[in-house]
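Chemist:
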Amino acid sequence: MLRQHFHSTLIWAVGSFGVSLALGLPLTSDAVNQPPAMPWVQLIRSPGLTENGINLTVETVSPTTRQSVQTPGDPLTFLVRAHNGSNAAATADFTLQLTSAAASRPFARTMPVPTEIWADSGSFNLNPGETKTLHFTTGALPPGRMIEVNLRAGQTQIAALSLPSEAFFSSTTRPTYALP
Amino acid sequence: MTCAPAHRVLSPSPRSSAILGICVGVAAAVAVISLNGGRVATIQAHGPMISECDGRIRSIVIQYVRGADFATPIYRQLLLALPADVHVYAVCPDQNSFNELRGAVGISAGRLEPILTGHPMTAWSRDRWIALSPARFQAPVTLLAPSAENGAEIWEQRQGDERIADDLSHALPALRADRSGLFFDGGDLLADSQSVFVSPAAIRRNIQHTCQDRAELARLLSEQLQRHPIFLSDAPDHHVGMYLMAAGEGRVVVGDPSLAKPLLAPIELPGGPDFSASTQARFDSVAAAAAAAGYRVTRIPCIPSSDGKTFITYVNGLIDQRDGCRVIYMPVFEGQDRLNVAAQTIWQNLGYRVAPIDVSSAFRYFGTLHCLVNVIKKT
Numbered sequence: 001m002l003r004q005h006f007h008s009t010l011i012w013a014v015g016s017f018g019v020s021l022a023l024g025l026p027l028t029s030d031a032v033n034q035p036p037a038m039p040w041v042q043l044i045r046s047p048g049l050t051e052n053g054i055n056l057t058v059e060t061v062s063p064t065t066r067q068s069v070q071t072p073g074d075p076l077t078f079l080v081r082a083h084n085g086s087n088a089a090a091t092a093d094f095t096l097q098l099t100s101a102a103a104s105r106p107f108a109r110t111m112p113v114p115t116e117i118w119a120d121s122g123s124f125n126l127n128p129g130e131t132k133t134l135h136f137t138t139g140a141l142p143p144g145r146m147i148e149v150n151l152r153a154g155q156t157q158i159a160a161l162s163l164p165s166e167a168f169f170s171s172t173t174r175p176t177y178a179l180p
Numbered sequence: 001m002t003c004a005p006a007h008r009v010l011s012p013s014p015r016s017s018a019i020l021g022i023c024v025g026v027a028a029a030v031a032v033i034s035l036n037g038g039r040v041a042t043i044q045a046h047g048p049m050i051s052e053c054d055g056r057i058r059s060i061v062i063q064y065v066r067g068a069d070f071a072t073p074i075y076r077q078l079l080l081a082l083p084a085d086v087h088v089y090a091v092c093p094d095q096n097s098f099n100e101l102r103g104a105v106g107i108s109a110g111r112l113e114p115i116l117t118g119h120p121m122t123a124w125s126r127d128r129w130i131a132l133s134p135a136r137f138q139a140p141v142t143l144l145a146p147s148a149e150n151g152a153e154i155w156e157q158r159q160g161d162e163r164i165a166d167d168l169s170h171a172l173p174a175l176r177a178d179r180s181g182l183f184f185d186g187g188d189l190l191a192d193s194q195s196v197f198v199s200p201a202a203i204r205r206n207i208q209h210t211c212q213d214r215a216e217l218a219r220l221l222s223e224q225l226q227r228h229p230i231f232l233s234d235a236p237d238h239h240v241g242m243y244l245m246a247a248g249e250g251r252v253v254v255g256d257p258s259l260a261k262p263l264l265a266p267i268e269l270p271g272g273p274d275f276s277a278s279t280q281a282r283f284d285s286v287a288a289a290a291a292a293a294g295y296r297v298t299r300i301p302c303i304p305s306s307d308g309k310t311f312i313t314y315v316n317g318l319i320d321q322r323d324g325c326r327v328i329y330m331p332v333f334e335g336q337d338r339l340n341v342a343a344q345t346i347w348q349n350l351g352y353r354v355a356p357i358d359v360s361s362a363f364r365y366f367g368t369l370h371c372l373v374n375v376i377k378k379t
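If you read the sequences in order, they're chains L and P. Quick note: the first sequence uses this note's numbering, first residue 1, plus one each step. Quick note: the second sequence uses this note's numbering, first residue 1, plus one each step.
1. Below 8 Å between beta carbons: does that hold for Ala-145 of chain P and Ala-174 of chain P?
2. Return the Cβ separation of Gln-370 of chain P and Gly-308 of chain P in integer angstroms, given the expectation that the two are a contact with Cβ distance under 8 Å.
3. Taking the continuous alpha helix (DSSP H) assigned at Thr-133 of chain L, which residues delimit it?
4. Which residues, in chain order, does the region 354-370 of chain P contribute to contact with chain L at a C-beta distance below 7 Å?
5. Taking the alpha-carbon positions, what's the Leu-339 of chain P to Pro-301 of chain P distance?
6. Any residues in the region 102-128 of chain L with a beta carbon nearer than 9 Å to a beta carbon of chain P? Which ones, in chain order?
7. Evaluate the contact criterion for the region 292-300 of chain P versus the region 249-258 of chain P: three or more CB pairs, one atom per stretch, below 8 Å.
8. In the structure shown, what three-state DSSP assignment does Met-121 of chain P receive?
9. Compute the Euclidean distance between the alpha carbons of Arg-3 of chain L and Val-24 of chain P, then round it to the nearest angstrom.
10. Extract the residue ranges of the beta strand (DSSP E) inside the region 36-92 of chain P, only unbroken runs of 3 or more that lie entirely within it.
11. Please name the residue in P:Asp-188, P:Arg-102, P:Ala-68 and P:Met-49 whose C-alpha comes closest to that of Arg-364 of chain P.
12. Hey, out of P:Leu-372, P:Leu-225, P:Arg-163 and P:Leu-168, whose CA is closest to Pro-114 of chain P's CA?
13. Within the 8 Å Cβ cut-off, does Val-14 of chain L reach chain P?
14. If we cut at 8 Å on Cβ distances, does Asn-99 of chain P have a partner in chain L?
15. Pull up the DSSP beta-bridge partners for Gly-122 of chain L, would you.
16. So which residues of chain P does Ala-159 of chain L contact, with C-beta pairs closer than 9 Å?
17. Over the uninterrupted beta strand (DSSP E) stretch that includes Thr-156 of chain L, give me the two end residues.
18. Could you pull the DSSP bridge partners for Lys-377 of chain P from this structure?
19. When you compare the CB of Phe-70 of chain P with every CB in chain L, is at least one pair closer than 8 Å?
20. Which one of L:Ala-22, L:Thr-131 and L:Leu-49 has the shortest CA to CA distance from His-209 of chain P?
21. Beta-carbon of Val-196 of chain P versus every beta-carbon of chain L: anything under 8 Å?
22. Spatial neighbours of Glu-130 of chain L within its chain, please: CB distance less than 8 Å, with the 5 preceding and 5 following residues excluded, ordered by chain position.
23. Taking only beta carbons into account, state which residues of the region 15-28 of chain P come closer than 7 Å to chain L, listed in chain order.
24. Identify which residue in L:Asn-87, L:Ala-102 and L:Thr-137 has its Cα closest to the Cα of Gly-53 of chain L.
25. In three-state DSSP terms, what is Arg-204 of chain P?
26. By the 8 Å beta-carbon criterion, what residues does the region 151-170 of chain P contribute toward chain L?
27. Quick check on Thr-64 of chain L: buried or exposed, where buried means 16 or more other Cβ atoms within 10 Å of its Cβ?
28. My guess is that Ala-160 of chain L and Phe-94 of chain L are in contact by the Cβ rule of under 8 Å, so how many angstroms apart are they, rounded?
29. Look at the alpha carbon of Arg-15 of chain P and the alpha carbon of Leu-10 of chain L, and state the distance between them as a whole number of angstroms.
30. Within 10 Å of its beta-carbon, does Asn-150 of chain P have 16 or more other beta-carbons around it, so buried, or fewer, so exposed?
31. Can you pull out the residues from the region 41-53 of chain L whose beta carbon lies closer than 8 Å to at least one beta carbon of chain P?
32. So what's Tyr-380 of chain P in DSSP terms, helix, strand or just coil?
33. Tell me, please, which residues DSSP counts as bridged to Asp-178 of chain P.
34. Under a Cβ-count criterion, where at least 16 other Cβ atoms within 10 Å of its own Cβ denotes burial, should Asp-85 of chain P be classed as buried or exposed?
35. Note down the Cα distance separating Pro-229 of chain P from Lys-378 of chain P, rounded to an integer number of angstroms.
36. Using alpha carbons as the reference points, say which of P:Phe-311, P:Leu-182, P:Leu-20 and P:Arg-56 lies closest to Val-375 of chain P.
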C-alpha cells in the first residue's frame, strides 16, 4: 500500500513540477526583458501653488490642455483661479510673467534663456471656502516660440503653463531620410 | 465509541497522494525558478543610474547629422584618445550623414558602428536618455528617456530626438528603452555612486506638472534612478555637467568664475563674460549644496557668458576609470592656455590623468564634450 502511495505521489510530483516549470519559468525569465516598472507619474493639469491658505491655479481659457498650440499674432488668454481652503479670510498677492524662447539655432544643444514678453499682477481677498477667478489677456504672441507662464506668490514660483505659439512645422519643411 | 483500526489511519488515499505530489512538484519548481534568478529580475528590473566617475567605459553613443561640422573635430580627437576596447555607436538620420561623419573623423572611422534612424534629430547625445545599469549580470542596460523633449513642439530635430532611446533599443538587443514620465534633459541629471545632482530646469519642469512638490520629486527620482537626489535649486540655468562634475570618493569639482577672471585671454563671447555677483552666487550655491550633502568640493575656473548658455568650462568632460586610474577627457579652448593649464593642474592634483580635447568648435552651441557623448555601459 505504501509503495503504491509513493509511486502515486511521485507521479503527481513529477507532473506538477513539469507543469509549474513550463508555466512559471518563461514568465519569470521574460520579466527580464519587460520594461522596468517605473513609478507611475501623472500629469497635473492645473498647476498651482498655495499662498496664505489660498490655492492659486492657472488655466488657459481655450483650449485647455497643456500641449495646446497657440496661433502667433493672437494673444494668450488664461485665468487664475483662487480658492480659500482655510478657515479664515485671507489675501493672496501674485505676479504673472510670460516668457518666450525660440529654437533659432538648429544645431544648438538647448533652447536659449527665455525672455520676458509680458507681466502682470493681481490680488485675491477671499472668505473661507470662497473661490474667485481673474482673467488675463497678454499681448500678441510671437511666432515659432515656446511660451511659458510663470506664477509667483510669496517666495514660490512655478512654471504654470508651457505651450508652443504656432502650429506644428509643416510637412513641406520636413526633410526625408531614406534608410538602406 | 470504537476506534478505527490503526492500518486505516496510516493508509493514504489516492487524493492525499495527489495533493502531496502537487505540493512537492510546485515547491521544487519554485525552487528551480528562484535559483534561475527570474524572481529577482521581476522585483528589480534595472539598477542605478551609472556613475560619471566610476567604472570602465565599455560603450558610448554619439549623434551626427549632416552639417554639424562643429562636432567632428571633437569626435576625431576622442576616437583617437579612447581605448580600443570602447564600442562607439554613431546614431545618424541617414547613410549620407554617417558617410560625412566617417569621412570627417579620419583614421578612426572604422570604430564607428552606425545606427540609422530615418528621422530628424540633433547632434547631441547626452540629453536624450540616461543609462541605468543592469539589475544583474547579462541583463540589459535600460535607457531611460524623459517624458518629452523640451521644445519639441517647435523644434523638429528635437522632436526626433524623443525617439533615439527606442531607436537604440531596437538596434541593440543588449539595451531596452523606457520612459520616465518625468521631464528632463539627460544633462539635467549627473550621478556618482551615491547621489544624483539635479538641475534647476528639472525641478522647474516637474513640480506642479508631474509631482506636487520637491519631496515627491525626490521620491520619484530616488525610485527611478536609485540614487539620492541633491537639488541644485539656485544653480546656473544650464545642464549640471556645465558647472559640476563628480570626481569620485566623495568629491565634486565645481566651476568658479572668480578663479577664471584673472586668467581669461581676450575672447569674443555672446554678451561678454559674465562675472557678475549674482552669477558668481549661483556657482557658489552649487558648491554649497554639494558640501552640505557631505562632498569635498574643489573649485575650477569657469567662464559663463552673458547669454547664460555659452560656457568655457572644464568639467564638461568624460571620466574613465581603468587599471586603478582615472582619466578625464577634459575640454580645452583655443587661445586660453593659462585657463587650460590651470584646469589641467586641478584635475591632476585630484589624481587624474588628463587627456585634453579641444572643444573650441562646439562650445558656442551651448555644450561641449560631455554633452555630445553619452555613455551606455560602464563596468
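Where a beta carbon is used, it is the ideal one built from N, C-alpha and C, also for glycine.
Modeler: Judging by the given coordinates:
1. no
2. Here the sequence assigns His to residue 370 of chain P, which means Gln is not the residue at that position. No, His-370 of chain P and Gly-308 of chain P are not in contact; Cβ-Cβ is about 18 Å, not under 8 Å.
3. Careful: Thr-133 of chain L lies outside any alpha helix (DSSP H), inside the beta strand (DSSP E) at 131-140.
4. Tyr-365, Phe-366 and Gly-367
5. 7 Å
6. Ala-102, Ala-103, Arg-105, Pro-106, Phe-107, Ala-108, Arg-109, Thr-110, Met-111, Pro-112 and Val-113
7. yes
8. coil
9. 17 Å
10. 57-63 and 87-92
11. P:Ala-68
12. P:Leu-168
13. yes
14. no
15. L:Phe-94
16. Arg-204, Arg-205, Ile-207, Gln-208 and His-209
17. 156-164
18. P:Ser-59
19. yes
20. L:Leu-49
21. no
22. His-83 and Asn-84
23. Ser-17, Ala-18, Leu-20, Gly-21, Ile-22, Val-24, Gly-25, Val-26 and Ala-28
24. L:Asn-87
25. helix
26. Gly-151, Glu-153, Ile-154, Trp-155, Glu-156, Gln-157 and Arg-158
27. Note that Thr-64 of chain L scores a pLDDT of 41, beneath 50, so its modelled location is shaky and nothing firm can be said.
28. About 10 Å separates the two Cβ atoms, so there is no contact after all.
29. 13 Å
30. buried
31. Val-41, Gln-42, Leu-43, Ile-44, Pro-47, Gly-48 and Leu-49
32. Outside the displayed range of chain P (1 to 379) lies residue 380 of chain P, so it cannot be described from this structure.
33. P:Leu-144
34. exposed
35. 21 Å
36. P:Arg-56
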